Structures are given as structure tokens and as C-alpha cells.
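Worksheet: one structure, shown below.
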Amino acid sequence: GTSIVNIGRNFNMTGGTIIETGSSSGLFVFNNAGTTQNFRRTVGTISNNIGFTVNSNITLDFGANDYATGDGTFTLSSGATLQTANTSGINGSIQTTSRSLSTSANYSFDGLSAQVTGSYLPATVNNLTINNSNGVSLTNFVTINGTQTLTSGTLSLNGQALVISTTGLVSCTGSGTISG
181 GTSIVNIGRN FNMTGGTIIE TGSSSGLFVF NNAGTTQNFR RTVGTISNNI GFTVNSNITL
241 DFGANDYATG DGTFTLSSGA TLQTANTSGI NGSIQTTSRS LSTSANYSFD GLSAQVTGSY
301 LPATVNNLTI NNSNGVSLTN FVTINGTQTL TSGTLSLNGQ ALVISTTGLV SCTGSGTISG
């Protein structure tokens, strides 16, 4: 069976070990709808079959040095938002053995240092937000079905295609630009 831990607030791991033993699995579920939940973990060990699920209508915020690991799957549900400040983008924040990142989810890059989106960014996303005054570079091509929001910094296409679908739009709410 699966042991489920529902997280209604923030996840803060400051040391120690979270380990699944035996032949079952562990699952952390972020489920405080309508809120931003922080994932803070720079030390400690998460090992064996441990997974994470971010439910719809939740923003999970990873700081610059925070990351999820484990042999389970990291699932970002439709309507959820993954927000990262990691310079390696999604790849730096999500280091689980497997990932299921919804093409109907939202992705936000808000670091203080230059970032890349990372190869784990799905080829199609709902919303993509750039809020990094030092810029974000696309790692792969991406199609946006919702809104491309440019709050701060430059989104560098880095030789990749950025497609705004017929249902999508671009919103410049600050000093953001697209280059390349």
C-alpha cells in the first residue's frame, strides 16, 4: 500500500532522513487549495519510493537551493503551479526518479540569479511566468495555451521556439521582455 502524508502548509526539511522501507511507497500530497505552499529543503535525505503530488489550484514554491528527491514520482496536477528560483529551473527543483508534469499546469521562474527553464519543462504549458530581473533562458521549445506573463527580466529564446497558441496571450505586467 501507499502511506499518504497530506501537507496543508509548508514543507520544511532541515535535516534527518525520510525513508520508505519495505515494498510499499510514501506520498506527500500538497493540498491547501488556493494557496502558495513552500517547499524548503537544502539538507537531509529523502530515499526509496517516496513521491510528491501537487493538487490543482496550489502553487508550490521552491527556493533557489530547494529540491525534491526520491525514487517515486513528482506529480504536478492540471491547474497547479510550479514556481522555482533554482538556477537550473525545474531540473534543479525536481530531482525525483520520475516526473508527471501536466501540460495544463502553470510554471513560474522567479530567481534572483539567471535561470534556465530546464529540460523537464513540458513542451506545452498553460501559463508561463517570468519574474527574474537577471533573465530566464528557454532550454526547449514551448507552446503556451494560456498566458505568457513577463513581469521582470528577459526571456531569452536561446534558439528555441516560443509558440503562443490561438487561445493564448502575452501579458507584460512590468519590465519583462522577450529576446531572440
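First residue of the sequence shown: 181, per our numbering; consecutive thereafter.
Glycine included, each C-beta is placed from N, C-alpha and C at the ideal position.
All values reported here derive from a predicted model rather than from experimental measurement.
Using a 10 angstroms sphere on the CB of G188, the tally of other CB atoms stays under 16, which defines it as exposed. In this structure, the straight-line span from the alpha carbon of I184 to that of N314 is close to 38 Å. Here the alpha carbon of F254 sits roughly 15 Å from the alpha carbon of R220.
Going by beta carbons, I226 and G250 fall inside the 7 Å limit. In this structure, A248 and I274 form a Cβ contact; the two beta carbons are roughly 6 Å apart against a cut-off of 8 Å. Within the same chain, Cβ atoms closer than 6 Å to the Cβ of V223 are found at G195, the five residues on either side in sequence being excluded.
The DSSP assignment places complete alpha helix (DSSP H) segments of no fewer than 4 residues inside the stretch 232-301 at 270-273, in order along the chain. Per DSSP, reduced to three states, the secondary structure at R221 is strand.
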